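Report on the structure given below.
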Amino acid sequence: MVKHQRIPSIDNILRDIYIEPSIVSRKLASKYRYLPYMIERYIKILGINETIDLLNTFEKPLKPVVRTNTLLIDEDTLYERLNQLGFKLERINWSRESFRVASAPKSPSIGATHEYLKGYYYVHRDSASLVPVKLLMHEFEGDVLDACAAPGGKATYIAQILNNKYEVLANDLVLYRLKALIGHVARMRIKDIVVTWSDARKLPILIDKRYGRVLLDVPCSGEGTIMFDQGRKTRTSLKDLARIARRETEILLSGIDMLEENGILAYVTCSIAPEENEYVVAKVLEMRDDVEIVKPPLKLFDWSPWLKSYLGMDFPDEFRYCIRIWPHIHGMIGLTTCLLRRIK
Numbered sequence: 001m002v003k004h005q006r007i008p009s010i011d012n013i014l015r016d017i018y019i020e021p022s023i024v025s026r027k028l029a030s031k032y033r034y035l036p037y038m039i040e041r042y043i044k045i046l047g048i049n050e051t052i053d054l055l056n057t058f059e060k061p062l063k064p065v066v067r068t069n070t071l072l073i074d075e076d077t078l079y080e081r082l083n084q085l086g087f088k089l090e091r092i093n094w095s096r097e098s099f100r101v102a103s104a105p106k107s108p109s110i111g112a113t114h115e116y117l118k119g120y121y122y123v124h125r126d127s128a129s130l131v132p133v134k135l136l137m138h139e140f141e142g143d144v145l146d147a148c149a150a151p152g153g154k155a156t157y158i159a160q161i162l163n164n165k166y167e168v169l170a171n172d173l174v175l176y177r178l179k180a181l182i183g184h185v186a187r188m189r190i191k192d193i194v195v196t197w198s199d200a201r202k203l204p205i206l207i208d209k210r211y212g213r214v215l216l217d218v219p220c221s222g223e224g225t226i227m228f229d230q231g232r233k234t235r236t237s238l239k240d241l242a243r244i245a246r247r248e249t250e251i252l253l254s255g256i257d258m259l260e261e262n263g264i265l266a267y268v269t270c271s272i273a274p275e276e277n278e279y280v281v282a283k284v285l286e287m288r289d290d291v292e293i294v295k296p297p298l299k300l301f302d303w304s305p306w307l308k309s310y311l312g313m314d315f316p317d318e319f320r321y322c323i324r325i326w327p328h329i330h331g332m333i334g335l336t337t338c339l340l341r342r343i344k
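Its first residue numbered 1, the sequence shown is counted upward by one per residue in UniProt numbering.
Here it is in structure tokens:
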């Protein structure tokens, strides 16, 4: 049952998350070209030395990751075919169908091979995006909702795991990204993905069906992907962040409404900001008593837990089960995942 549905206003969220940068933070922000509040936050969480490690890591590119479409080809055959084309691939030990592209020939690019055009693989910017799908789909068979699905990396992976036996409803609001998703579905010859165009917050009204699994990779600040887009260093003001956190809260509440009883939702962001993760989930847990945090069914690698506290806010003990991937520790983009189960 819902306790109450009063979502904090943007001004209230801004008051909760306001942080005053120190002189040290301002100097580092000037050197690395960040907004000062971001540096202050990193220092509060990580300390000064580890903050510098993180900032330096954000200056380095990451290698793309190839995920085999096992509906069409096995991973060993794909490995050999790409190797013959001059790609040097590194196997990812916790994802047997996936490879990191260590080096590539001048031509073709990894997204222009005949194998790619035939749908034999999907190119992820990084391996972190595989994590929430693996955890959400562990030993599950049934229909799945991917509520913010474009451009399709996770939705096509879910369909692949389900072996085209169950429906995947892939929804997104951004039309040009949705077109990319449709292109990947067609290229990879996936049969059981149904694509819808809607605001994820409206899905409980538009769709009667409820799902055993919901993937909610919410639109976020993208703060964990600065290595791909340096503009993210200065794009999101604190007020912008408050707006984003409010939207994420609304989407998460709607995502929970799309779950059947005992169904599990993966709340995912490509942001390392606690304002978009711990803060949002804590607010939702305060608002509802029909949802609980779930311990991940697998330990793929030694990820970091969510914070116990931040800016005077204490978070539930169960946040130790939620996952934060740090670029400077784990060698991937910054990404978070929290599994939530709907209960009576």
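Backbone N, C-alpha and C fix where the C-beta goes; we use that ideal spot for every residue, glycine too. What you are looking at is a predicted structure, and each value in this text was computed from that prediction instead of being measured.
Since I believe residue j is in contact with residue i (beta carbons under 8 Å), could you give me their beta-carbon distance rounded to a whole number of angstroms?
i	j	result
R210	M137	Wrong, their Cβ atoms sit about 17 Å apart, outside the cutoff.
P145	V214	Reading off the sequence shown, one finds Leu at residue 145, where the question assumed Pro. 5 Å between Cβ atoms; contact.
G334	S271	7 Å
G111	V101	Rounded, the Cβ-Cβ distance is 10 Å, inconsistent with contact.
Starting from the Cα of residue i, find the closest Cα among the options and give me that residue.
i	options	result
E276	C338, T234, I256, S254	C338
K179	V195, E167, A128	V195
T70	R213, K88, P64, S98	S98
E80	Y120, G263, I13	Y120
G224	P151, I325, T249, W197	I325
Q84	K60, Y157, N56, T113	T113
M188	T156, V214, P204, M287	T156
I45	V123, S198, A273	A273
F228	P61, K88, A170, D53	P61
Alpha carbon to alpha carbon, what distance is there between residue j and residue i?
i	j	result
S30	Y37	12 Å
D192	L216	19 Å
L300	R96	12 Å
R15	L117	50 Å
G263	G255	11 Å
M1	R232	With a pLDDT of 48 at M1, under the threshold of 50, the predicted position of this residue should be treated as unreliable, though the coordinate-derived value follows. Distance between the alpha carbons of M1 and R232 is about 38 Å.
L173	I10	22 Å
L241	I92	34 Å
L25	H184	The residue you asked about is not Leu; residue 25 is Ser in the sequence shown. Rounded to whole angstroms, S25 to H184 spans 42 Å at the Cα level.
D302	Y279	23 Å
R243	L82	44 Å
T249	T269	12 Å
I293	V65	30 Å
W197	A245	22 Å
S127	K63	9 Å
Could you tell me whether any Cβ in chain D is nearer than 9 Å to the Cβ of residue i?
i	result
W306	The structure shown contains no chain D; it is built from a single protein chain.
So the beta strand (DSSP E) residue i belongs to, where does it begin and stop?
i	result
I293	291-294
K88	88-92
Looking at the secondary structure, which residues open and close the alpha helix (DSSP H) in which residue i lies?
i	result
A29	23-32
I48	48-57
E75	75-84
N262	N262 -> not in any alpha helix (DSSP H); beta strand (DSSP E) instead, spanning 259-269.
Inset, instruction - Specify whether the stretch 140-148 and the stretch 162-172 touch according to this definition: at least 3 beta carbon pairs, one from each stretch, less than 8 Å apart. - result: yes
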